[in-house]
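A short write-up of the structure that comes next.
Number of protein chains: 2
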Amino acid sequence: MEDVFIYLVPVFGILGLIVMAIKSRWVIRQETGDPNMVELAEHIAKGAMAFLKAEWKVLIYFVIIAGLILAWSGTLVPNSSWIIAVSFVIGAVLSAFAGYIGMNIATKANVRTTQAAKTSLRQALHVSFTGGSVMGLGVAGLAVLGMGSLFIVFYNMFVVSAGGDINGIEMETALEVLAGFSLGAESIALFARVGGGIYTKAADVGADLVGKVEAGIPEDDVRNPATIADNVGDNVGDVAGMGADLFGSYVATILASMVLGREIISNDNMGGLAPILLPLVIAGLGLMFSILGTFFVKITKDTDSVQNALNMGNWISILLTVGASFFLIDYMFPEGNLSLVRDPAVTFTKMGIFGAVFIGLVVGALMSIITEYYTAMGKMPVNSIIKQSGTGHATNIIGGLSVGMESTVLPILVLAAGIYTSFMAAGLYGVAIAAAGMMATTAMQLAIDAFGPIADNAGGIAEMSGLPKEVRERTDILDAVGNTTAAAGKGFAIASAALTALALFAAYVGLAGITSIDIYKADVLAGLFVGAMIPFIFSSLCIAAVGRAAMDMVNEVRRQFKEIPGIMDYTGKPEYDKCVEISTKASIREMIAPGAIALLVPILVGFIFGPEVLGGVLAGVTVSGVLMGIFQNNAGGAWDNAKKSFEKGVMIDGVMQYKGSEAHKASVTGDTVGDPFKDTSGPSMNILIKLMSIVALVIAPHISVNPTHNLPEEGIVQVNKVELKRHDLNVEIIEVK
Amino acid sequence: MEDVFIYLVPVFGILGLIVMAIKSRWVIRQETGDPNMVELAEHIAKGAMAFLKAEWKVLIYFVIIAGLILAWSGTLVPNSSWIIAVSFVIGAVLSAFAGYIGMNIATKANVRTTQAAKTSLRQALHVSFTGGSVMGLGVAGLAVLGMGSLFIVFYNMFVVSAGGDINGIEMETALEVLAGFSLGAESIALFARVGGGIYTKAADVGADLVGKVEAGIPEDDVRNPATIADNVGDNVGDVAGMGADLFGSYVATILASMVLGREIISNDNMGGLAPILLPLVIAGLGLMFSILGTFFVKITKDTDSVQNALNMGNWISILLTVGASFFLIDYMFPEGNLSLVRDPAVTFTKMGIFGAVFIGLVVGALMSIITEYYTAMGKMPVNSIIKQSGTGHATNIIGGLSVGMESTVLPILVLAAGIYTSFMAAGLYGVAIAAAGMMATTAMQLAIDAFGPIADNAGGIAEMSGLPKEVRERTDILDAVGNTTAAAGKGFAIASAALTALALFAAYVGLAGITSIDIYKADVLAGLFVGAMIPFIFSSLCIAAVGRAAMDMVNEVRRQFKEIPGIMDYTGKPEYDKCVEISTKASIREMIAPGAIALLVPILVGFIFGPEVLGGVLAGVTVSGVLMGIFQNNAGGAWDNAKKSFEKGVMIDGVMQYKGSEAHKASVTGDTVGDPFKDTSGPSMNILIKLMSIVALVIAPHISVNPTHNLPEEGIVQVNKVELKRHDLNVEIIEVK
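Heads up: the sequence lines are chains W and X, in that order.
Numbers in the numbering used here are just positions in the first sequence, counted from 1, shifted up by 1.
Numbers in the numbering used here are just positions in the second sequence, counted from 1, shifted up by 1.
Rendered as structure tokens:
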């Protein structure tokens, strides 16, 4: 029976990709609009592809070098293999491909959404959401297909053909090799997210500073040389970057659950395979129900709520997945108590496992709700920032920073409760499965997330090609919903990353052969400090990079305004390509340092100070990264919506204030500060913490201190003295059975 | 021989206080200047006292209630006593008194410094630094006298008269009761620092926003109704707050070393007392050498460097203390290996202990140097912010945030190395003694720190009473040096707090009877998350409080400008008292919530989730608090000096920019944002982390899981099975000797 499940997983993946192809063809067959629009769209598509090519040119060296090192190191320890390098390369390539699929369809769906918006909101939503679905299905389909097929191969190669033990070192090797896939995916994700994030914000900030503030022309005005770069940025940062990001998260979550699942030994578990297979099957089912859910995202008339339509599709996928998980877990697992080898005292039942799935979904939902509260227009946090804009730039900034810091409280309490209860429900496996449950409907989540930037781009094209006001109004409605879903998506991403990082952390501890990470030890505590510092320097590098690149952009735009005659009266054409090039070069150059920190720190610490200190570093990175991520995402989101609130006018101390007022200018400052927070460093935090954990997992066999790996296969081991550390008790063990 | 040392400690304290009284009398005997100046100084002194009175009125309830709870709880466990309440009240009263001494002399020294500045810089430095010394000697003298005398009392009461064991539970009780002193001191410090910080920044930000920005009148202009409140703020925040802060730190550091010292058992250690006495004696010696050092802080002519004079005094105290510590440790401790009871495997020698003192001083010096680099004028970080001011408010803020985050890297690496090496040198006792070494010359450090606000105030009085330009120039020189020493002092404070918190943490672990804090356990990890979140909500509360209070201040100043005729042409008198009242009320109201969090979280977590989870919370608070402290202090300091750089003019992209330029306005925004960072939330971080550790230490006996406390006094304990957690190894212990 387990064979059916094993082989079903890649089938789910292929099904997802087939539906993706169908939806993709549908989008491409839609009308593209007038030549003016097509030309702008082509500029954007060309710029986006130029960025991807430039990025890949750098990353290919990284993949080759890292692959060679992995292949060599895989031969050094018994529980790994050089094949980890193959797995790594496939992960990297699929991650890049996932980003490509998303960006390709997004740069096609944008102009078609603009065209559709000429007829109705209904049609515009249909096109943009289908574009988003292509990305969602592509990412999830590739992940499920990739993980599923590689697992089949490695399972047969290392376990079945070697006559090995499903719960033994042979399976450990198979999963260790599979970890290479996740490492490849997550490394590319980090570079894509950071590079894309720097690109989009350098262009955005640069375009705003000269265009809006100095030249006094509106956003997305064709006269602004940086406007194409700004629109390209939406695609490379918010679409390609996010696609690679979620591909990496999805894969990492599944992997962590599989590694921990190996430790649940029970012959009734389909010969031990059930706990390893469960995360894969849940992911496959989630993908299927996401496909189903996409058909419910529609409105029948233009006055219907777009948000409700998205929620409907989302909840249908989630509830069906939960229901199916119940029956699946009930079928796959035996009655009675289960436990992990390392923690035999922590027992749980199969209903505990289902409970963990459920807890994961609740945590995800609560995180989205809290994030929305802190960033949505009309709610207290955003209103407080609006009020503080009335006394100037400084108080606006103070207000936003204060809201961002405050917004960490509830998410952390929810997360802490989630960790605690999912552990109660099913031990460490429960923590991992909670993350897997949360991530199950990634395809749908991503469809909802990706439709936002498509709509944003569609609005840009409408503005730049001077379409009638009602077209822009329709795309603005979609864009506004997109902003809310983007904020909620980030809350969700950071929660899933936290749980995944913990599961990876637990998987790492097992592979590294340590049984505790005791921060009461001076070296581990020093590691905790160093780890917690990393999100600060990482954020600093990202933010400073945006600042530098934006200044380059400002100077280039100023130059063009000065040197190219007639830009302002539309007789001269700005050199868009120059601005695209500046953003591209800056982002490629600036993504190296943060990426290197994430990859090298765990390796250096692990080999020099050993696995327990590395554990301290990982805990520090995770805790501080989650906090800095929430802080930066929410502060940025709140500043953005405080600024947007001025479009309709806001009441400050009894006076209505609109765009152009002093208070509005203060709110623009906040929004600009928030840009790199919420679109560059903030969303990179979740990749940072996962990537560092995966690197640790991959090097774990090399730095392992597991004594069982050094035990002889047969014979009796004489233990004379075991020192118990409990204070004031000295116990000498005379005889050991 | 140990008796000599025990009784020497309070003598050192009394000597310090005598010198303080002499210096205080000298300051008071200096000339006070013309009636105009005297009137202004009286306004400031009255406002400052009004704040202290209002604060004490609230805190007295807290002290009574907390004291009653402590008295009651002290009777519940064998290793505590109701006397802890007495100890707590004395600590609270002395802490408040330390703040009072400092503020009292500061409000006298300010106007006398102004008067002295009429003659020469030399004389102005002499008066202001002597004022600072009074505070330094007062704080250190009270701490040494208080700790020293109480230790004598409790040692005789609990150990000697009970015929108890110096290293046993009797001494544990004596030190637990002494911990009440530290708890009292640190609680008052938190309220004073937070309350004072909110007061000073509400007044400062409020005065600037209306005065400088709206009305266009200079800083410290008598026409600004908030100007007196602003000058009062310098005294209540930077002087009284800092005095209570350092009093608390000093006491906590000594206490932590004493608690750990109890665990070093060797009869050659003066019958076991040496490790407990050492931190007290070092503190006493440091105080004596600080007195000596103050005589070297002088310049002979007005062109001499003030900074060099301060450095000279500082290094003389430090080097003499180091030298004396060497002989002291060599005399007090025996040859051969020492170790802590809980960690017999970690052995060290007496030279290791001296090594730890030395490491502490190196860490402190490096932290000061790094902080200075990140915040000083003319260095790269401040220059980068200046450059980014050229493109507006937003890039100035991005630049400052990025510098602040980046500035965490080196301090954390230094700190991690310090933890690691001081542990190597002398185990956990080494970490504590490193902190004690760093803090030994607190009297001198504080003298240097406190002279800054005195000079700042002197400048304010000069400006407000319209004295000649050269007077203001002289006070400005002192003020500028004061800004640098303030930044360096904050770096030093956070480093010492981190080491102290670790030592307290270790002391807590011992008292709570746990042997590890394993973040690999789900509940401990959840605790780590919650702990790390606390500095975020704490900062948010402080920053938001400043924002709110500043808005109240702005509205009041606007009202006075509108309703009181003739303010602008000096014919009408502003109602200074109203502004003083707003700041006072706001700061008292807003200090409650952050204080409550710091006090209640450890109690709730400890009793509900047990000591190990509380350990996770403490680690989280410490790590995240240190990072947030460094980030906020340095960002604020860098913004401040970026703004100050415009006074002499700065070159941005080849153009000189001065005060009043757009770039300068952007830099003022950064400075205003930085104000609550560097003077309210940032410097509170170090108190927060220490206070939470002390609360944990005080409740430790109540939540202890120490099995030895449950062992019978006599007889054999049968242990049948000990489960060892090492993965895959199951060991059954048959017989236990």
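The beta-carbon is built from N, C-alpha and C at its ideal position, and this holds for glycine as well.
At a Cβ threshold of 8 Å, is residue i touching chain X?
| i | result |
| --- | --- |
| tyrosine 200 of chain W | no |
| leucine 416 of chain W | yes |
| tyrosine 375 of chain W | no |
| glycine 521 of chain W | Here the sequence assigns tyrosine to residue 521 of chain W, which means glycine is not the residue at that position. Closer than 8 Å: yes. |
| phenylalanine 562 of chain W | no |
Closest to residue i by C-alpha separation, out of the options, would be which residue?
| i | options | result |
| --- | --- | --- |
| valine 342 of chain X | X/Ile66, X/Gly262 and X/Phe152 | X/Gly262 |
| alanine 241 of chain W | W/Phe192, W/Ala230, W/Tyr332 and W/Asp222 | W/Phe192 |
| phenylalanine 155 of chain W | W/Ala175, W/Gly137 and W/Gly169 | W/Ala175 |
| isoleucine 106 of chain X | X/Pro454, X/Lys54 and X/Met652 | X/Pro454 |
| isoleucine 66 of chain W | W/Ala86, W/Ile317 and W/Asn80 | W/Ala86 |
| glutamate 648 of chain W | W/Gly137, W/Ala545, W/Ser183 and W/Asp477 | W/Asp477 |
| tryptophan 57 of chain W | W/Arg590, W/Gly675, W/Val161 and W/Ala636 | W/Arg590 |
What's the gap between the Cα of residue i and the Cα of residue j?
| i | j | result |
| --- | --- | --- |
| serine 250 of chain W | leucine 416 of chain W | 17 Å |
| aspartate 553 of chain W | methionine 381 of chain X | 19 Å |
| glutamate 715 of chain X | isoleucine 277 of chain X | A caution first: glutamate 715 of chain X carries a pLDDT of 44, below 50, which makes its placement in the model unreliable, though a value can still be read off. Between glutamate 715 of chain X and isoleucine 277 of chain X, the C-alpha separation is close to 28 Å. |
| asparagine 338 of chain X | isoleucine 330 of chain X | 14 Å |
| serine 96 of chain X | alanine 496 of chain W | 43 Å |
| proline 412 of chain X | leucine 18 of chain W | 50 Å |
| serine 385 of chain X | isoleucine 538 of chain W | 16 Å |
| serine 408 of chain W | threonine 372 of chain W | 8 Å |
| glycine 1 of chain W | alanine 545 of chain X | Nothing in the structure corresponds to residue 1 of chain W, since chain W is present only between 2 and 738. |
| leucine 274 of chain W | threonine 254 of chain W | 18 Å |
| glycine 405 of chain X | methionine 333 of chain W | 52 Å |
| proline 684 of chain X | alanine 203 of chain X | 16 Å |
| valine 364 of chain W | serine 134 of chain W | 24 Å |
Does the distance from the CB of residue i to the CB of residue j come in under 8 Å?
| i | j | result |
| --- | --- | --- |
| alanine 667 of chain X | serine 403 of chain X | no |
| asparagine 225 of chain W | asparagine 458 of chain W | no |
| alanine 357 of chain W | alanine 418 of chain W | no |
| alanine 463 of chain X | threonine 115 of chain X | yes |
| alanine 230 of chain W | glycine 103 of chain W | no |
Shorter than 8 Å from the beta carbon of residue i to some beta carbon of chain W?
| i | result |
| --- | --- |
| valine 432 of chain X | yes |
| aspartate 553 of chain X | no |
| histidine 665 of chain X | no |
| phenylalanine 632 of chain X | yes |
| methionine 439 of chain X | no |
| aspartate 524 of chain X | yes |
| glutamine 389 of chain X | yes |
| serine 668 of chain X | no |
| histidine 127 of chain X | no |
Given residue i, which residues of its chain have a CB within under 8 Å of its CB, disregarding the five upstream and five downstream residues?
| i | result |
| --- | --- |
| threonine 301 of chain W | Arg123 |
| phenylalanine 610 of chain W | Asp524 and Gly528 |
Please list, in chain order, all residues of the same chain as residue i whose beta carbon is under 7 Å from its beta carbon, the five residues on each side excluded.
| i | result |
| --- | --- |
| methionine 569 of chain X | Arg224 |
| histidine 703 of chain X | Ser74, Leu77 and Val78 |
| phenylalanine 13 of chain W | Val145, Gly285, Leu288 and Met289 |
| alanine 508 of chain W | Ala257, Val260, Leu261 and Leu698 |
| aspartate 303 of chain X | Ser121, Leu122 and Arg123 |
| threonine 501 of chain W | Ser250, Ala253, Thr254, Ala257, Ala436 and Lys691 |
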